[in-house]
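Engineer: Protein chains in written order, with our numbering: chain P, 261 to 648; chain W, 27 to 413. Ideal Cβ placement from N, Cα and C applies to all residues, glycine included. As the structure is a prediction and not an experimental result, all values here were calculated from the model. Sharing a structure with you now.
And the structure:
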């Protein structure tokens with residue numbers, strides 16, 4: 261099976277998992293314990309915190325470990341529930357469900373939601389987004405790299421525009437970014453992005469599941485109680501094994517980033533060019549329109565109307581290729597069309613879209629084989645449609 | 027414990043009545059086999075004797091076994107008025123446990139004329155005793171809350187209001203039929219209604235993986251499981267139909283594909299029917315519901331079947347079908363979002379009034395005999411015992 265679903269989860273990096281497992285066996289004590297073994301475990305977690313802080317250019321005291329990206333996003337969104345007064349929340353219509361759904365739940369608590377769609381190509385217009393922010397806005401959420409389209413969102417410009425606006429109504433707007441698909445892969449600087457919080461996850465980098473990161477530039481009121489771990493932001497005994505693995509995965513990416521990045525770009529270019537020549541294929545953006553820097557080299561969306569995306573996923577699975585429709589977290593529901601229809605695509609495109617996502621282990625021959633299989637599997641249906 | 031079972035339409039049968047009754051008894055026995063039931067037939071009634079632990083299971087079975095119009099938990103007593111009275115009091119006490127007070131009447135029947143009291147005298151004597159012992163009960167012979175039946179036969183049988191059964195005829199008395207089952211709302215209802223008229227059902231599902239999901243097959247299996255009780259057990263044949271569908275998609279004009287696919291399914295199902303000794307096909311078609319269900323379309327799609335095609339929903343509105351689907355418990359499964367037909371096989375503009383001769387010519391020209399035979403050779407069988 262050729263794995264082309266890295267955006268859902270990256271295949272585990274074997275030596276990191278082994279080392280993480282051994283470390284967890286050795287440092288089994290509760291990091292909150294004051295005895296020697298407890299302190300050793302604490303030391304391990306603090307080292308991981310320093311690595312995460314370093315990769316984001318922030319102080320370790322601003323980094324909090326969670327169970328994953330979904331939990332990190334939920335902590336930020338649910339913190340609004342502790343507010344006495346409501347307000348408005350502005351978010352893009354292409355957010356991951358772990359931002360979109362908790363935001364929807366805020367409606368029941370009296371918050372007003374404003375969704376800003378992305379333009380053609382799946383990129384949000386910063387001016388349009390900032391225009392939706394007003395003196396009632398308490399939180400703005402813009403993801404950094406979209407998990408379905410790979411479109412990189414102009415977070416930096418958006419926060420700058422919001423900062424300009426907030427000086428007019430003399431109150432701070434919390435700007436949050438879901439950076440799950442960007443963390444580790446880009447050299448990120450939170451101060452440069454102008455954000456107040458950022459969420460990330462370890463398993464997208466090849467680390468173990470169960471470790472996420474939440475950067476908080478300013479304190480939040482946390483709804484969950486019951487422990488002082490992670491400064492009370494995420495109560496509960498820390499998952500040392502996953503946190504250690506996350507640290508190692510970040511280190512690996514930092515060391516290999518340039519090489520992996522440029523190879524992914526070449527593969528993306530190759531896939532998109534091959535696919536664009538197939539009859540009936542539709543792409544979110546043409547490969548030659550000079551927009552390469554606007555998209556993650558690791559994620560592509562392609563569509564073969566009228567073949568439903570879920571059918572193409574099954575067909576390709578039987579041919580030995582693992583791809584997915586939209587977000588793997590919700591690819592079984594029709595809600596998964598939301599991101600694509602809010603990315604300037606029509607329904608036919610969205611219904612038929614599949615996501616191809618690659619990673620450091622993806623080979624050129626894998627992509628070649630994939631394109632060949634795609635061509636032979638779609639030919640029957642696309643050919644008929646054209647003759648009609 | 028005992029249940030007295032009333033039959034409906036069976037009692038109107040003449041010379042064949044014994045056959046219908048035997049079938050009913052056999053069906054109840056099959057469904058309650060783990061509880062070792064004893065069933066006896068007597069003067070249009072079926073008496074079920076079963077272990078106490080099987081009370082709920084028995085009620086579940088009796089309320090869903092075709093051929094039964096009603097049943098009640100009964101007390102079987104010796105033919106002595108004191109024993110009968112005790113049994114009647116027990117019925118009244120059970121009633122008062124849930125209702126607290128109410129009206130009643132005694133419906134007495136004496137087929138053993140050697141019993142010292144007449145029917146009227148039984149009702150009078152016991153009615154007086156109830157009024158004396160249970161002041162919260164008053165007599166109402168027209169619209170009573172509780173009717174206590176007393177039947178003096180070989181023994182005395184006493185039972186209360188009881189519950190209704192589904193009616194119809196025992197499954198199997200009308201032979202065997204092949205149900206073309208999709209994962210939708212209509213076909214399970216259709217199978218249920220034909221089983222109600224005594225048809226033993228075998229279901230056929232046409233699976234076009236990977237163009238339809240495995241979950242669609244899972245949905246069909248759940249539907250068959252739900253039908254297995256009323257149908258007294260049934261086989262599900264899963265026909266892997268992808269090659270047939272692709273052959274049609276490759277060789278046929280786009281607008282004809284849906285009808286040709288339906289025709290191939292009828293052809294295939296009728297061949298399976300031949301192998302299984304079936305007398306008919308059953309579909310969930312309803313006139314004009316979709317393009318393939320117009321009179322012209324069905325004339326063609328039905329023409330490839332070597333067996334008559336029964337369409338019990340033909341004159342029903344969708345709402346009526348949905349109501350029945352909800353009643354029989356298949357609706358919630360049917361609306362799960364796993365399509366049984368992929369849009370790649372559906373034309374954008376399907377034919378509504380196809381030309382019969384042209385369609386027959388198209389079908390013959392596709393040379394589907396081989397793929398259809400191969401799909402039958404490779405079909406899988408799943409047995410769903412009567413639950």
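Reducing DSSP to helix, strand and coil, say where residue 592(P) ends up.
Structural biologist: Residue 592(P) sits at position 332 when you count from the first residue of the first chain. Confidence is the limiting factor: at residue 592(P) the pLDDT is only 46, short of 50, which leaves the residue's position unreliable and the question unanswerable from this model.
Engineer: DSSP three-state label for residue 627(P), please.
Structural biologist: What you label residue 627(P) is simply residue 367 of the first chain in a count that begins at 1. Correct three-state label for residue 627(P): helix.
Engineer: I need the straight-line Cα distance from residue 272(P) to residue 503(P), nearest angstrom please.
Structural biologist: For the purposes of this step, residue 272(P) is identified with residue 12 of the first chain, where counting begins at 1. For the purposes of this step, residue 503(P) is identified with residue 243 of the first chain, where counting begins at 1. So the alpha carbons of these two residues sit roughly 14 Å apart.
Engineer: Which two residues bound the contiguous alpha helix (DSSP H) that contains residue 333(P)?
Structural biologist: What you label residue 333(P) is simply residue 73 of the first chain in a count that begins at 1. Residues 329–338.
Engineer: Could you tell me the boundaries of the alpha helix (DSSP H) in which residue 367(W) lies?
Structural biologist: Indexing the second chain from 1 puts residue 367(W) at position 341. No alpha helix (DSSP H) contains residue 367(W), which DSSP labels as neither H nor E.
Engineer: With a threshold of 16 other CB atoms inside 10 Å of the CB of residue 45(W), please say whether the residue is buried or exposed.
Structural biologist: To locate residue 45(W), count along the second chain from 1; it is residue 19. It is exposed - the Cβ of residue 45(W) has fewer than 16 other Cβ atoms within 10 Å.
Engineer: State yes or no: is the beta carbon of residue 367(W) nearer than 8 Å to at least one beta carbon in chain P?
Structural biologist: The residue labelled residue 367(W) in the question sits at position 341 within the second chain. Not an interface residue.
Engineer: Alpha carbons only, please: which of 633(P), 261(P), 270(P) is nearest the one belonging to residue 468(P)?
Structural biologist: Along the first chain, one-based indexing puts residue 468(P) at 208. Comparing Cα-Cα distances from residue 468(P) to each of 633(P), 261(P), 270(P), the minimum goes to 270(P).
Engineer: Verify whether the separation of the beta carbon atoms of residue 383(P) and residue 419(P) is less than 8 Å.
Structural biologist: Here residue 383(P) refers to the residue found at position 123 of the first chain. Here residue 419(P) refers to the residue found at position 159 of the first chain. Taking 8 Å as the Cβ cut-off, residue 383(P) and residue 419(P) do not qualify as a contacting pair.
Engineer: Report yes or no: do the stretch 441–449 of chain P and the stretch 508–526 of chain P share at least 3 C-beta pairs separated by less than 8 Å?
Structural biologist: The stretch 441–449 of chain P is in contact with the stretch 508–526 of chain P.
Engineer: I'd like the span of the alpha helix (DSSP H) that includes residue 116(W), first residue to last.
Structural biologist: Taking the second chain and counting its residues from 1, the one referred to as residue 116(W) is at position 90. First-last of the alpha helix (DSSP H) with residue 116(W): 107–125.
Engineer: Check each candidate in 116(W), 250(W), 319(W), 228(W) and name the one with the smallest Cα separation from residue 101(W).
Structural biologist: In the second chain, the residue the question calls residue 101(W) occupies position 75. Per the Cα distances, 116(W).
Engineer: Check whether the stretch 252–271 of chain W and the stretch 382–389 of chain W touch, using three or more Cβ-Cβ pairs below 8 Å as the test.
Structural biologist: Contact between the stretch 252–271 of chain W and the stretch 382–389 of chain W is absent, because fewer than three Cβ pairs lie under 8 Å.
Engineer: Could you tell me which chain P residues have their CB closer than 8 Å to the CB of residue 370(W), listed as they occur along the chain?
Structural biologist: Working through the second chain from its first residue, we reach residue 370(W) at position 344. Simply 566, 567, 568, 571, 641.
Engineer: Can you tell me which of 602(P), 549(P), 528(P) puts its alpha carbon nearest to the alpha carbon of residue 562(P)?
Structural biologist: Within the first chain, numbered from 1, the residue matching residue 562(P) stands at position 302. Residue 528(P) is the option with its Cα nearest to residue 562(P).
Engineer: Beta-carbon of residue 574(P) versus every beta-carbon of chain W: anything under 8 Å?
Structural biologist: Along the first chain, read from residue 1 onward, the residue named residue 574(P) stands at position 314. At least one chain W Cβ lies under 8 Å of residue 574(P).
Engineer: So what's residue 158(W) in DSSP terms, helix, strand or just coil?
Structural biologist: On the second chain, position 132 is the one that residue 158(W) refers to. Note: residue 158(W) maps to helix in three-state DSSP.
Engineer: Could you please give the first and the last residue of the uninterrupted beta strand (DSSP E) stretch that includes residue 203(W)?
Structural biologist: Taking the first residue of the second chain as 1, we reach residue 203(W) at position 177. Taken as a continuous stretch (DSSP letters only), the beta strand (DSSP E) holding residue 203(W) covers 202–206.
Engineer: On the criterion of 16 or more Cβ atoms from any shown chain inside 10 Å, does residue 245(W) qualify as buried, or is it exposed?
Structural biologist: Working through the second chain from its first residue, we reach residue 245(W) at position 219. Per the 10 Å Cβ criterion, buried.
Engineer: Going by beta-carbon coordinates alone, are residue 641(P) and residue 370(W) separated by less than 8 Å?
Structural biologist: Counted from its first residue, the first chain places residue 641(P) at position 381. Counted from its first residue, the second chain places residue 370(W) at position 344. Yes. Within cutoff.
Engineer: Under 7 Å Cβ to Cβ from residue 644(P), same chain only, skipping five residues before and after it: list those, please.
Structural biologist: As a first step, residue 644(P) is located in the first chain; it is residue number 384 there, counting from the start. Reliability of the predicted coordinates at residue 644(P) is poor, the pLDDT of 44 falling under 50, and the value obtained from them is presented with this limitation in mind. Cβ within range, chain order: n/a, list empty.
Engineer: Looking only at its chain, what residues have a beta carbon closer than 7 Å to the beta carbon of residue 277(W), apart from the 5 residues adjacent to it on each side?
Structural biologist: By 1-based counting over the second chain, the position of residue 277(W) is 251. Same-chain partners within the cutoff: 392.
Engineer: Quick one: what's residue 233(W) bridged to in DSSP?
Structural biologist: Taking the first residue of the second chain as 1, we reach residue 233(W) at position 207. Beta-bridge pairing links residue 233(W) to 266(W).
Engineer: Hey, could you find the ends of the alpha helix (DSSP H) residue 284(P) is sitting in?
Structural biologist: Taking the first residue of the first chain as position 1, residue 284(P) is located at position 24. Where residue 284(P) is concerned, the enclosing alpha helix (DSSP H) stretches over 274–286.
Engineer: Looking at the strands, I want to know which residues DSSP matches up with residue 314(W).
Structural biologist: As a first step, residue 314(W) is located in the second chain; it is residue number 288 there, counting from the start. DSSP output for residue 314(W) lists no bridge partner at all.
Engineer: Let me know the secondary structure DSSP gives residue 408(W) once reduced to three states.
Structural biologist: As a first step, residue 408(W) is located in the second chain; it is residue number 382 there, counting from the start. The answer is strand: DSSP assigns residue 408(W) an E or B state.
Engineer: Considering residue 555(P), what are the terminal residues of the alpha helix (DSSP H) in which it resides?
Structural biologist: Your numbering for residue 555(P) matches position 295 in the first chain. Residue 555(P) -> no alpha helix (DSSP H), and no H or E assigned at all.
Engineer: If you reduce the DSSP assignment to three classes, tell me which class residue 443(P) lands in.
Structural biologist: What you label residue 443(P) is simply residue 183 of the first chain in a count that begins at 1. Strand.
Engineer: At least one CB of chain P closer than 8 Å to the CB of residue 236(W): is that the case?
Structural biologist: To locate residue 236(W), count along the second chain from 1; it is residue 210. So yes, residue 236(W) belongs to the interface.
Engineer: Answer with yes or no whether the minimum CB distance from residue 548(P) to chain W is below 8 Å.
Structural biologist: For the purposes of this step, residue 548(P) is identified with residue 288 of the first chain, where counting begins at 1. It does not; no Cβ of chain W falls within 8 Å.
Engineer: Are residue 90(W) and residue 215(W) touching if we call contact CB-CB under 8 Å?
Structural biologist: The sequence position of residue 90(W) within the second chain is 64, counting from 1. The sequence position of residue 215(W) within the second chain is 189, counting from 1. No; because the gap between Cβ atoms is not below 8 Å, this pair is not in contact.
Engineer: Please give me, in chain order, every unbroken run of the beta strand (DSSP E) with length at least 3 that falls completely inside the stretch 368–447 of chain P.
Structural biologist: Segments of the beta strand (DSSP E) lying fully in the stretch 368–447 of chain P: 372–376, 397–401, 434–438.
Engineer: Between residue 239(W) and chain P, is there a C-beta pair that is closer than 8 Å?
Structural biologist: Within the second chain, residue 239(W) is the residue found at index 213, counting from 1. Yes, residue 239(W) counts as interfacial toward chain P.
Engineer: Look at the alpha carbon of residue 421(P) and the alpha carbon of residue 545(P), and state the distance between them as a whole number of angstroms.
Structural biologist: Reading the first chain from its first residue, position 161 is the one you call residue 421(P). Reading the first chain from its first residue, position 285 is the one you call residue 545(P). Roughly 27 Å separates the two Cα atoms.
Engineer: If we count the other Cβ atoms within 10 Å of its Cβ and call it buried at 16 or more, is residue 144(W) buried or exposed?
Structural biologist: Working through the second chain from its first residue, we reach residue 144(W) at position 118. By the 10 Å Cβ count, residue 144(W) comes out exposed.
Engineer: Determine, for residue 302(W), whether the minimum Cβ-Cβ distance to residues of chain P falls below 8 Å.
Structural biologist: Taking the first residue of the second chain as position 1, residue 302(W) is located at position 276. No, residue 302(W) does not count as interfacial toward chain P.
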